[in-house]
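Protein chains in written order, with my numbering: chain A, 127 to 420; chain B, 9 to 264.
Okay, structure coming up:
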């Protein structure tokens, strides 16, 4: 190789290395940026809730007076929502996924349904709130009860559950199904005894993530007309209720009049965050523990 | 060629199979004897695996497959609409190319078949598991590992587990679809020995790419080419004095 060509190559190499450095720095800052924002939010929330987040706050009931307010009823409201959302989405979502993946034939109709479900996952949650208001609150007369809220949230996250369950079912290798059929199993036996158990870690992971989305939702519940301040804890699934994100929303709104509400909101945010960390953490644990091996 | 065949258990008459527009089997007539090993050989894509899967109707699971002609097993047409397919598959066990144990314990793998066919009694299940593992020559290796996950066994052990699993539902016929091609020579020879023992009680039909294997253990050999059986004879005769030129070309490696 002659000298000028060699030098040109060297220059190009230098430029490429420089570009590599720049891109590396850019992506690093992008990653750091989102972490910093998250850290600022967390810091603010923690600082504001110091002195407010204590046992009395966790076990007490709502009150007109900020110093006396506690969120046991609110936590209970969120937990009862989960009691409805978990079985409804698990049963409906997995059954839908089983139908789509195992029973339905490849057809235009099936791809239309699949596309529709995938798109439903992106529909704004307020719209689901309006749907819930129309169907559950008004038409079925459930008002702004826990049942109405739970069913509305179930509808909201159902597309997520269907999509993630479908993926988990699709990931079960065909040769396991073949092994079952070759032994004389029917489709349902194969689905129930081979496909679903094998897909279960994936299905549960998707379900838990959907659940953590559901309990963080505010808009659909606000649309259902949950009262701004309730002083009583719910006794049954047909009682009115409030949930953590809704309470955070109302307290934040009222901060203008009562500055102490900011601290209550911050403390409630921490409680909600802890619940979500626990849920997401358990999803990760399940995924790790049952890592696919075949 | 089939005149010396006796005790026929499987007979196909003008069996054709289409995948969409592609015809994978062309009017295949084949008589397969009971309690013998019949090997199906031929180049890739010749239809031998497809033929094997018509015998227990595993091809039903593939969309776009059409079958015409007859498959008679013990004189009964298995493509008759009145046939109960799960029951048919219980009678005809299948072992696949790649070992495919369920991600369950060794015990649950074997008990899977009996359980789905209604056996719940623990003692009966125990007995079936032990007997099947012994029949598949796997018992000494796993008798202390019945509760371990089947995926922890070696490849050869997994394949014998799959044979044991197939035996557990008491089939009459065993179909092997290149069942040793993913295994090392030692495991392969174990399974070949096993097959020569099992043929006393089961009709065995095996697809193989390994001609030495066909020559070693089969009694009858059918050569498939482009969806047709071009030659079918006693294995010894077919390998020593092939009648068809194409067979000779394939056997000597000039083809396929």
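Cβ coordinates follow ideal geometry from the N, Cα and C atoms, glycine included.
Distance between beta carbons of residue j and residue i, contact taken as under 8 Å
i	j	result
residue 259 of chain A	residue 363 of chain A	18 Å between Cβ atoms; not a contact.
residue 211 of chain A	residue 279 of chain A	5 Å
residue 175 of chain A	residue 393 of chain A	4 Å
residue 443 of chain A	residue 121 of chain B	What the structure shows of chain A is the stretch from 127 to 420, and residue 443 of chain A is not part of that stretch, so it cannot be assessed.
residue 372 of chain A	residue 348 of chain A	6 Å
residue 217 of chain B	residue 186 of chain B	6 Å
residue 328 of chain A	residue 305 of chain A	Rounded, the Cβ-Cβ distance is 20 Å, inconsistent with contact.
residue 158 of chain B	residue 113 of chain B	7 Å
residue 330 of chain A	residue 412 of chain A	5 Å
residue 105 of chain B	residue 189 of chain B	6 Å
residue 144 of chain B	residue 133 of chain B	With 8 Å as the limit, residue 144 of chain B and residue 133 of chain B do not qualify as a contact, their Cβ atoms being about 16 Å apart.
residue 203 of chain A	residue 378 of chain A	That pair is no contact at about 17 Å.
residue 405 of chain A	residue 338 of chain A	4 Å
residue 97 of chain B	residue 229 of chain A	Actually they do not touch by this definition, with Cβ atoms about 19 Å apart.
residue 174 of chain B	residue 103 of chain B	6 Å
Residue i vs residue j beta-carbon contact at 7 Å
i	j	result
residue 322 of chain A	residue 171 of chain A	no
residue 179 of chain B	residue 99 of chain B	yes
residue 20 of chain B	residue 36 of chain B	yes
residue 94 of chain B	residue 170 of chain B	no
residue 255 of chain A	residue 263 of chain A	no
residue 219 of chain A	residue 288 of chain A	yes
residue 196 of chain A	residue 186 of chain A	yes
residue 18 of chain B	residue 231 of chain B	no
residue 38 of chain B	residue 75 of chain B	no
residue 315 of chain A	residue 124 of chain B	yes
residue 165 of chain B	residue 109 of chain B	no
residue 172 of chain B	residue 136 of chain B	no
residue 115 of chain B	residue 154 of chain B	yes
residue 55 of chain B	residue 244 of chain B	no
residue 324 of chain A	residue 283 of chain A	no
residue 370 of chain A	residue 350 of chain A	no
residue 23 of chain B	residue 101 of chain B	no
residue 58 of chain B	residue 80 of chain B	no
residue 260 of chain B	residue 239 of chain B	no
residue 43 of chain B	residue 151 of chain B	no
residue 224 of chain A	residue 344 of chain A	no
residue 191 of chain B	residue 214 of chain B	no
residue 388 of chain A	residue 374 of chain A	no
residue 227 of chain A	residue 313 of chain A	no
residue 346 of chain A	residue 251 of chain A	yes
residue 292 of chain A	residue 332 of chain A	no
Within chain A, partners of residue i - CB distance below 9 Å
i	result
residue 59 of chain B	Per Cβ cutoff of 9 Å: no residues; residue 59 of chain B is ~16 Å from chain A at best.
residue 71 of chain B	231, 232
residue 120 of chain B	305, 306, 309, 311, 319, 320
residue 56 of chain B	Within 9 Å Cβ-Cβ: nothing; residue 56 of chain B doesn't reach chain A, min ~17 Å.
residue 74 of chain B	Here the premise fails: no neighbours, minimum Cβ distance about 15 Å.
Residue i: contacting residues in chain A (beta-carbon distance under 8 Å)
i	result
residue 106 of chain B	301
residue 177 of chain B	309, 310
residue 98 of chain B	309, 310
residue 64 of chain B	308
residue 43 of chain B	Near residue 43 of chain B there are no residues of chain A at all, since even the closest Cβ is about 21 Å away, more than 8 Å.
residue 173 of chain B	305, 309
Partner residues on chain B for residue i, Cβ-Cβ distance less than 7 Å
i	result
residue 320 of chain A	110
Interface partners of residue i on chain B, CB under 9 Å
i	result
residue 315 of chain A	94, 124
residue 324 of chain A	110, 111
Cross-chain neighbours of residue i in chain A, by beta carbon under 7 Å
i	result
residue 102 of chain B	308
For this session: Pick out the complete alpha helix (DSSP H) segments inside the segment 55-82 of chain B, 4 residues or longer, and give them in chain order.
Result: 56-62
Exercise. In the segment 122-136 of chain B, which residues sit with their C-beta less than 7 Å from some C-beta in chain A, listed in chain order?
Worked result: The segment 122-136 of chain B vs chain A, Cβ under 7 Å: 124, 125.
Problem set entry | Every unbroken alpha helix (DSSP H) within the segment 247-294 of chain A, with a cutoff of 4 residues, ordered by chain | 251-258
Exercise. If you scan the segment 193-222 of chain B from start to end, which runs of the alpha helix (DSSP H) of 4 or more residues do you find wholly inside it?
Worked result: 193-206
Problem set entry | Secondary structure, alpha helix (DSSP H): runs of 4+ residues fully inside the segment 297-361 of chain A | 300-308, 313-316, 322-341, 345-349
For this session: Name, going along the chain, the residues of the segment 135-169 of chain B whose beta-carbon falls closer than 7 Å to a beta-carbon of chain A.
Result: Hits within the stretch, in order: 159.
Exercise. Unbroken alpha helix (DSSP H) runs of length 4 or more, entirely within the segment 215-248 of chain A: which are they?
Worked result: 234-246
Exercise. Which ranges would you report for the alpha helix (DSSP H) in the segment 80-112 of chain B if only whole runs of at least 4 residues count?
Worked result: Assignment of alpha helix (DSSP H) within the segment 80-112 of chain B, counting only whole runs of 4 or more residues, yields 93-99 in chain order.
For this session: Write down every uninterrupted run of the alpha helix (DSSP H) in the segment 115-165 of chain B whose length is 4 residues or greater and which is fully enclosed by it, in chain order.
Result: 130-143, 147-150
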